[in-house]
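In UniProt numbering, the protein residues as written are 1 to 74.
A short worksheet on the structure shown next.
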Amino acid sequence: FSNVEEFDLFDCNDNYIFDRAVKQPGVLADNEMFGLEPAYILGGQIKIENLSKVDCQIHLMILRELSPSNIIGF
Numbered sequence: 001f002s003n004v005e006e007f008d009l010f011d012c013n014d015n016y017i018f019d020r021a022v023k024q025p026g027v028l029a030d031n032e033m034f035g036l037e038p039a040y041i042l043g044g045q046i047k048i049e050n051l052s053k054v055d056c057q058i059h060l061m062i063l064r065e066l067s068p069s070n071i072i073g074f
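Structure representation (structure tokens):
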């Protein structure tokens, strides 16, 4: 299994955000993810108060439309 810190984000105060996210909006359903509103790509800040539970497919489709294509190599 992976270490949580590998995937966690730092907020604007350099604190991990995931544990607080689970407490605030709550546990996710199988079709949900945490999304920033406004989106980070549109200038939104990584703050706990900007997190919402969003539908994965819809949120990722919107983000894909907003961002330029970027191929990531492994």
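The C-beta atom is built at its ideal place from N, Cα and C for all residues, glycine as well.
Does DSSP classify residue i as helix, strand or coil?
i: Phe18; result: helix
i: Lys47; result: coil
Could you tell me which residues DSSP puts in a beta bridge with residue i?
i: Glu32; result: Asp55
i: Phe10; result: Tyr16
Comparing C-alpha positions only, which one of the options sits nearest to residue i?
i: His59; options: Asp19, Glu37, Asn3 and Lys47; result: Glu37
i: Phe7; options: Arg64, Ser69 and Phe34; result: Phe34
Tell me which same chain residues have a C-beta within less than 8 Å of the C-beta of residue i, skipping the five on either side of it?
i: Ser67; result: Ile41
i: Met46; result: In the sequence as displayed, the identity of residue 46 is Ile instead of Met. Correct list, in chain order: Leu9, Phe10, Asp11, Cys12, Ile17, Leu36 and Tyr40.
i: Gln57; result: Asn31
Please state whether the Cβ-Cβ distance between residue i and residue j is less than 7 Å.
i: Ala21; j: Leu51; result: yes
i: Gln24; j: Ile48; result: yes
Using 6 Å as the cut-off, classify the Cβ of residue i as near or not near the heavy atoms of the ligand ATP, replying yes or no.
i: Asn3; result: Among the components of this structure there are no ligands whatsoever, and the ligand ATP is therefore not found.
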